[in-house]
Amino acid sequence: MITSDILIIGAGPTGLFAVFEAGLLKLKCHLIDALPQAGGQLTELYPKKPIFDIPGFPSINAGELVDNLMEQIKQFQPGFTLGETAETLKKLDDGTFEVITNKGTVHHAKAVAIAGGLGTFEPRKPSLENLADYEENGVEYFIKEPEHFRNKKVVIAGGGDSALDWSIFLAEIASEVTLIHRRNEFRGALDSVEKVQALKDQGKITMMTPAEVVGLKGEGKLTAITVEKEGETFDLETDYFIPLFGLTPKLGALADWGLEIQKNAIVVNNALDYQTNIPGVYAIGDINTYPGKLKLILCGFHEATLMCQSVYNMLNPGKKFVLKYTTVSGVDGFDGTRKEAEKAVVKKID
């Protein structure tokens, strides 16, 4: 049995930062994640994609942000159960919790924080008859390593931010980038639309709108796609077809835990501590919902901080915790390390 003060379900950025905030309060954390590595969607879906809304970083790649978070929490020695899914939750008579994974690993914790992002998710796939024949043989739903597409012919389909952003990114890597969308209008950030327009004008991106991919061709591996545009069809040679039509999120086993669910998200009390309808169980990050909710990493960090304060108060009734800035109090790691600002020099000036 693995024991901890806070069992965090989900090792994405919100879950990882919760370890740091818990560590400042001397609370021990363990994390469960269905993926084989920490980082959640940032690692699994777009590790090389730049993120622009992390305070203090004008731009930081998703994978680099995960690396930084892992370095930040190393001093608090969290445990990880990776490649396993939390299946059952049971509240014990003493108010603590038992969580068992799909592989039978038993966890015992004083509090549970669900930080599962979008939950489990699958890409929305186009309706093409022989699509499965080319999956991982020219058809890709995620771009994990952009270098894989260097000097290759790439066709991207979609009209949202992901399709626009990856078209921009791969325009400098692939030999050819073709962006296909069934409408003339794109639903993405204005800046991204303008960048795609500029790259199109420079001949670095080929646009086909309104158009749709209606067929795939190749012996064992994709070599061409069939495109329908203005009532006519034609074949286009390509090495890769990347349909980016979004993800279908699912809560999975969490939906059977007795939590209050609203539109595939867990309802929490945002007026206090992001606790669910089950006392001692919290939901932080993209997986929760409340009035005014914004699905931003920054908001997840804030929610994780208040959640940890709530758990501390729950586990230490009547004990007053005096919050101090880390610049004043320093950071004491569980590994015996101490990080603090340099002391001011007191010296008389003659």
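My numbering numbers the first residue of the sequence shown as -17 and each following residue consecutively.
Every residue gets a Cβ at the ideal spot worked out from N, C-alpha and C, and that includes glycine.
(request) Pick helix, strand or coil for Ala180, following the three-state DSSP scheme. (result) It is helical.
(request) Go ahead and label Ile331 buried or exposed: buried means 16 or more other beta carbons lie within 10 angstroms of its beta carbon, across all protein chains shown. (result) With fewer than 16 other Cβ atoms within 10 Å, it is exposed.
(request) Starting from Ser(-14), trace the beta strand (DSSP E) both ways and give me its first and last residue. (result) Per DSSP, Ser(-14) belongs to the beta strand (DSSP E) from Ile(-16) to Ile(-9).
(message) Classify His12: buried if its beta carbon has 16 or more other beta carbons within 10 angstroms, exposed otherwise.
(response) Buried, since its Cβ has 16 or more Cβ neighbours within 10 Å.
(request) Please name the residue, chosen from Thr160, Ile150, Gly120 and Ile125, that lies closest to Val137 on a Cα-to-Cα basis. (result) Of the candidates Thr160, Ile150, Gly120 and Ile125, the residue whose Cα lies closest to the Cα of Val137 is Thr160.
(request) Keeping to the same chain, check which residues put their C-beta closer than 7 Å to that of Asp143; ignore five residues upstream and five downstream. (result) Around Asp143: Gly170, Ala171 and Ser174.
(request) Scan the stretch 13 to 84 and note each continuous beta strand (DSSP E) run of 3 residues or more that stays entirely inside, going in chain order. (result) Runs of the beta strand (DSSP E) inside the stretch 13 to 84: 61 to 64, 68 to 73 and 79 to 83.
(message) For Met189 and Pro40, I'd like the C-alpha separation in whole angstroms.
(response) Whole-angstrom Cα-Cα distance: 30 Å.
(request) Give the secondary structure of Val293 by DSSP, where H, G and I count as helix, E and B as strand, and everything else as coil. (result) Residue state, collapsed to three classes: helix.
(message) With DSSP as the reference, identify every bridge partner of Tyr222, one or two as the case may be.
(response) Residue pairing by DSSP places Tyr222 opposite Val136 in a beta bridge.
(request) With a threshold of 16 other CB atoms inside 10 Å of the CB of Lys301, please say whether the residue is buried or exposed. (result) Of the residues assessed, Lys301 falls on the exposed side of the cut-off, its CB having fewer than 16 other CB atoms within 10 angstroms.
(request) Below 6 Å CB to CB, which residues in the same chain sit around Glu158 once its five sequence neighbours on both sides are set aside? (result) Scanning its chain for C-beta atoms nearer than 6 Å, with the 5 sequence neighbours on each side dropped, one finds around Glu158 the residues Lys135, in chain order.
(request) Could you pull out every unbroken alpha helix (DSSP H) segment of at least 4 residues lying fully inside the stretch 92 to 127, listed in chain order? (result) Runs found: 113 to 116.
(message) Checking 9 Å against the spacing of the C-beta atoms, do Gly267 and Glu242 come in under that value?
(response) Not closer than 9 Å, so no.
(request) Compare the beta carbon distance of Phe2 and Phe62 with 9 Å and say whether it is the shorter of the two. (result) Phe62 sits away from Phe2, with the two beta carbons spaced by 9 Å or more.
(message) Quick check: the stretch 246 to 253 against the stretch 77 to 88, are at least 3 beta-carbon pairs closer than 8 Å?
(response) Below 8 Å, too few C-beta pairs join the stretch 77 to 88 and the stretch 246 to 253 to call them touching: fewer than three.
(request) Could you tell me which residues DSSP puts in a beta bridge with Leu198? (result) Leu198 is bridged to Ile207.
(message) Does Phe316 come out as helix, strand or coil in the three-state DSSP assignment?
(response) Looking at Phe316 - three-state DSSP - the assignment turns out to be coil, as it is neither helix nor strand.
(request) Measure the CB-CB distance between Ala235 and Thr67 and report whether it falls below 9 Å. (result) Cβ distance < 9 Å, so Ala235 and Thr67 count as in contact.
(request) For Ile207, I'd like the list of residues in its chain whose CB is within less than 8 Å of its CB, leaving aside the five on either flank, ordered along the chain. (result) Counting only Cβ-Cβ distances below 8 Å, and skipping sequence neighbours, we find Val137, Val195, Gly197, Leu198, Lys199, Asp217, Leu218, Thr220 and Phe223.
(request) Specify the secondary structure class of His89 as computed by DSSP and reduced to three states. (result) DSSP places His89 in strand when its eight states are reduced to three.
(message) Rounding to the nearest angstrom, what Cα-Cα distance links Thr191 and Asp115 in this structure?
(response) Near 26 Å, if we compare the C-alpha coordinates of Asp115 and Thr191.
(message) Spatial neighbours of Ile(-16) within its chain, please: C-beta separation below 8 Å, excluding the five flanking residues on both sides.
(response) For Ile(-16), the CB contacts under 8 Å within the same chain, skipping 5 residues up- and downstream, are His12, Gly61, Thr63, Thr87, Val88, His89 and His90 in chain order.
(request) With DSSP as the reference, please indicate the residues paired to Cys11 in a beta bridge. (result) Beta-bridge pairing links Cys11 to Ile(-12).
(request) Look at the alpha carbon of Phe227 and the alpha carbon of Gly140, and state the distance between them as a whole number of angstroms. (result) Roughly 6 Å separates the two Cα atoms.
(request) Using beta-carbon positions only, say whether Lys92 and Met296 come within less than 9 Å of one another. (result) Yes, they are a contact pair.
(message) Rounded to whole angstroms, what is the Cα-Cα separation between Ile82 and Asn133?
(response) As the crow flies, the alpha-carbon of Ile82 is around 46 Å from that of Asn133.
(request) Take Ile279 and list the residues in its own chain whose beta-carbon comes closer than 6 Å to its own, dropping the five residues that flank it on each side. (result) Within the same chain, Ile279 has close Cβ partners Pro(-5).
(request) Determine which residues share a DSSP beta bridge with Thr188 and list them. (result) Beta bridge pairing from DSSP links Thr188 with Thr160.
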